[in-house]
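K.L.:
Protein chains in written order, with UniProt numbering: chain D, 1 to 208; chain B, 1 to 208; chain A, 1 to 208.
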Amino acid sequence: MFENSIIALDWLGIVVFTISGALVASRNQMDVIGFILLGTITGIGGGTIRDLLLDAHAVFWIERPQYLAVCIAVSIAVFFTAHLAASRYRLILWLDAIGLALFATGGSEKAIALGEGGLVAATMGVITACFGGIIRDVIGKEDSIIFSHEIYVTAAVLAALSYVILHSLGAPRELSVALSVAAGFGLRAGALAWGWSLPRYRPRPPDI
Amino acid sequence: MFENSIIALDWLGIVVFTISGALVASRNQMDVIGFILLGTITGIGGGTIRDLLLDAHAVFWIERPQYLAVCIAVSIAVFFTAHLAASRYRLILWLDAIGLALFATGGSEKAIALGEGGLVAATMGVITACFGGIIRDVIGKEDSIIFSHEIYVTAAVLAALSYVILHSLGAPRELSVALSVAAGFGLRAGALAWGWSLPRYRPRPPDI
Amino acid sequence: MFENSIIALDWLGIVVFTISGALVASRNQMDVIGFILLGTITGIGGGTIRDLLLDAHAVFWIERPQYLAVCIAVSIAVFFTAHLAASRYRLILWLDAIGLALFATGGSEKAIALGEGGLVAATMGVITACFGGIIRDVIGKEDSIIFSHEIYVTAAVLAALSYVILHSLGAPRELSVALSVAAGFGLRAGALAWGWSLPRYRPRPPDI
């Protein structure tokens, strides 16, 4: 069950992030290979950085190339269906929100399974969740989502910390995962729907 | 012979990519250290990411520092000779095309030599070929070449897939390498000369 | 003593780079989580890339999570105090100069301690010194500091080469470190104060 739980999170998160990356490709009017490139980088980017940092046995998609195959297939499907979305921009935001919560939780879970402590595990969750989107936006020339005025990284932090804390309290894994994903997604969804934000830094004079 | 074949591809690709990076430095009117930085990053960037992902014994230029020395020497030479090029911009594009075909083939070859399957090997070829240029363009503030309207990433995919397929068919290594490089370079050269492109995503209403 | 010397350089460099990253967050009016993200990435980014390339036992902040804790604490402190700086932009430049000299020296030192030769060690110093700032500027949408007209990367090269040469001459470690940091910081400080620069590439016709 344990292995499956990590893998299910990975799969779901990868598919939604791949779609979000492919939709950015559609906004740049790229060809199908561009969809595959941007979709795949977004789908597996965060997890790749996580695995490199953790020095896990092998990067997950090298060990299991079916991840790659799915990213490619999903990206191609988006190439032919992206026009069906009422607003591709909103769709990107909502898919990204799902992926964010899934990857933050799954990234922390994987780090804990590899024996890391709470602080490193939570950091790995945030890295897994945020770097796919960061890379997508840098390469795809979108405004970086981490600069959005609404809560974004904070939702990843919440999901990752929730998992770490629930795990340390001895909560059952499936429950911990479900609650953490719900917390992270709920917070980001609220931010998208109602514009929730944290207080931002306000410069006071002198300000240069 | 086998070792030499990989190494020869690496050397050639590194030199042409280093020149392309140093030429971008010239377009930014950087000093000689800037030439070395941008030339070297472009020359060894793609292969570095490949080696990190494959968890090869060591990154190639750490194991053989003469790669670094050559990148530095080539970058310095470009600093003093870049003005001789009739059009530095066209020269960048053509050197990049050669490097693209060489690295796509060589990256796949190295991955296969390390025991990876076809999909991962082809992906490594594309990563090796494309990431040096992506990093060059992000740091050098050029429009990313992967957004060019003409075929670009597709040529790397063709070279990498060609090598993987020819290898799996049991073709002699040198022949496979030669054909794959020729296919990749030929496709990109055609795109540069005649504007070849794949059909691009066309938004249909609703389009936001 | 040896271990401590490396670690002291790491600590100091990390704190000043973290502050510089958090100050960039303040210029973007991010929330406190944004400060932590950008501060921490800047503080540990260069060393992380160094450790990944060197394939050291583990990335330093995974082995010693207190580094992370300090980055987070420092970033939060900056969130509440950044307005006290007379000019946050100048402060970023000077902190970056200190971090540059410390990381260039410390990065070379670590590479030598791991058995690398002089060229690779100097390169690692430059990478450690420059990549935190490069990532900070890419994510924080600042003009990349490596494009500054004043000497920048050159100061990192000087510090790194100084350490490598002094080490190879058998100079005592503490002396080598002190001289190298002083040389690198002095050169960058002169560039900041008096606009020192190296001759830049000048296009001559034909120039396209």
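From the three backbone atoms N, C-alpha and C, an ideal C-beta is built for every residue, glycine too.
Could you round the C-beta distance between residue 20/A and residue 188/A to whole angstroms and report it? I think they count as a contact, below 8 Å.
P.N.:
Rounded, the Cβ-Cβ distance is 13 Å, inconsistent with contact.
K.L.:
Could you work out which residues of chain B lie near residue 24/D, taking near to mean beta carbons separated by less than 8 Å?
P.N.:
At a C-beta separation below 8 Å, residue 24/D has no neighbours in chain B, since its nearest C-beta there lies roughly 11 Å away.
K.L.:
Could you check whether the Cβ of residue 62/A sits closer than 8 Å to any Cβ belonging to chain D?
P.N.:
yes
K.L.:
Measure the C-alpha to C-alpha separation of residue 147/A and residue 87/B and round it to an integer number of angstroms.
P.N.:
23 Å
K.L.:
Give the DSSP-derived three-state secondary structure of residue 31/A in the structure shown.
P.N.:
strand
K.L.:
Between which two residues does the alpha helix (DSSP H) containing residue 132/A stretch?
P.N.:
Looking at the DSSP string, the run of the alpha helix (DSSP H) that includes residue 132/A is 118 to 139.
K.L.:
Straight-line CA distance for residue 154/A to residue 36/B?
P.N.:
10 Å
K.L.:
Beta-carbon of residue 19/D versus every beta-carbon of chain B: anything under 8 Å?
P.N.:
Cβ-Cβ to chain B under 8 Å: no for residue 19/D.
K.L.:
Would you be able to state if there are at least three C-beta pairs under 8 Å between the region 160 to 179 of chain A and the region 188 to 202 of chain A?
P.N.:
no
K.L.:
Closest Cβ-Cβ distance between residue 117/A and chain B: below 8 Å?
P.N.:
Yes - at least one Cβ of chain B is within 8 Å of the one on residue 117/A.
K.L.:
Run through chain B and tell me which residues come within less than 7 Å of residue 164/A, C-beta to C-beta.
P.N.:
Correct list: empty, because the minimum Cβ distance to chain B is about 12 Å.
K.L.:
Identify which residue in 7/A, 179/A, 28/A and 69/A has its Cα closest to the Cα of residue 200/D.
P.N.:
Comparing Cα positions, the closest option is 28/A.
K.L.:
For residue 208/D, decide whether its Cβ has a neighbour in chain A, counting only Cβ atoms nearer than 8 Å.
P.N.:
Note that residue 208/D has pLDDT 47, beneath the 50 cutoff, so the model's placement of it is unreliable and the number below is only indicative. Closer than 8 Å to some Cβ of chain A, the Cβ of residue 208/D qualifies, so yes.
K.L.:
Quick one: measure Cβ to Cβ for residue 74/A and residue 128/A, integer angstroms, because I've assumed they're closer than 8 Å.
P.N.:
No, residue 74/A and residue 128/A are not in contact; Cβ-Cβ is about 19 Å, not under 8 Å.
K.L.:
Is there at least one Cβ from chain B nearer than 8 Å to residue 188/A's Cβ?
P.N.:
no
K.L.:
Considering only their Cβ atoms, is the gap separating residue 14/D from residue 43/D smaller than 8 Å?
P.N.:
yes
K.L.:
Does the pairing of the region 59 to 75 of chain B with the region 119 to 133 of chain A give three or more beta-carbon distances under 8 Å?
P.N.:
yes
K.L.:
For residue 200/A, which beta-bridge partners are listed by DSSP?
P.N.:
31/B
K.L.:
If you draw a straight line from the alpha carbon of residue 134/D to that of residue 144/D, how long is it in whole angstroms?
P.N.:
6 Å
K.L.:
Rounded to whole angstroms, how far is the Cβ of residue 104/A from the Cβ of residue 125/A, which I believe are closer than 8 Å?
P.N.:
4 Å
K.L.:
Pick from 151/D, 84/D and 115/D: whose alpha carbon is nearest that of residue 130/D?
P.N.:
151/D
K.L.:
Can a CB atom of chain D be found closer than 8 Å to the CB of residue 74/B?
P.N.:
no
K.L.:
For residue 22/B, verify whether its CB is less than 7 Å away from any heavy atom of the ligand ATP.
P.N.:
Among the components of this structure there are no ligands whatsoever, and the ligand ATP is therefore not found.
K.L.:
Here's the rule I'm using: 16 or more other beta-carbon atoms within 10 Å means buried, otherwise exposed. How should residue 80/D be labelled?
P.N.:
exposed
K.L.:
Which residues in the same chain as residue 41/A place their Cβ atom closer than 8 Å to its Cβ, once the five residues preceding and following it in sequence are excluded?
P.N.:
21, 132, 135, 136 and 139
K.L.:
For residue 16/D versus residue 112/D, is the C-beta distance shorter than 8 Å?
P.N.:
no
K.L.:
Using a Cβ-Cβ distance cut-off of 8 Å, determine whether residue 199/B contacts chain D.
P.N.:
Chain D, which has a Cβ nearer than 8 Å to the Cβ of residue 199/B, makes this yes.
K.L.:
Just to make sure I have the definition right: I need the residues of chain B whose C-beta is within less than 7 Å of the C-beta of residue 70/D. Which are they?
P.N.:
Simply none; closest approach about 11 Å.
K.L.:
Using CA atoms only, rank isn't needed, just tell me which of 71/B, 91/B, 55/B and 156/B is closest to residue 116/B.
P.N.:
When each option's Cα is compared against that of residue 116/B, the closest is 55/B.
K.L.:
Along the alpha helix (DSSP H) that carries residue 63/A, what are the first and last residues, could you check?
P.N.:
Per DSSP, residue 63/A belongs to the alpha helix (DSSP H) from 60 to 63.
K.L.:
Between the beta-carbon of residue 23/B and the beta-carbon of residue 76/B, is there less than 8 Å?
P.N.:
Residue 76/B is positioned such that its CB atom lies no closer than 8 Å to that of residue 23/B.
K.L.:
Tell me which residue opens and which closes the alpha helix (DSSP H) that residue 144/D is part of.
P.N.:
Counting along the chain, residue 144/D falls outside any alpha helix (DSSP H), and DSSP gives it neither H nor E.
K.L.:
Anything in chain A within Cβ reach of residue 30/B, meaning under 8 Å, just list it in chain order.
P.N.:
Going along chain A in sequence order, the residues near residue 30/B (Cβ under 8 Å) are 147, 200 and 201.
K.L.:
Out of 48/A, 158/A, 142/A and 190/A, which has the shortest C-alpha to C-alpha gap to residue 68/A?
P.N.:
48/A
K.L.:
Excluding the five sequence neighbours on either side, which residues of its own chain have a C-beta within less than 7 Å of the C-beta of residue 206/B, listed in chain order?
P.N.:
Bear in mind that the predicted position of residue 206/B carries a pLDDT of just 47, short of 50, making it too unreliable to give a figure here.
K.L.:
Give the range of the alpha helix (DSSP H) segment to which residue 55/A is assigned.
P.N.:
It is not in any alpha helix (DSSP H) - residue 55/A carries neither H nor E in the DSSP assignment.
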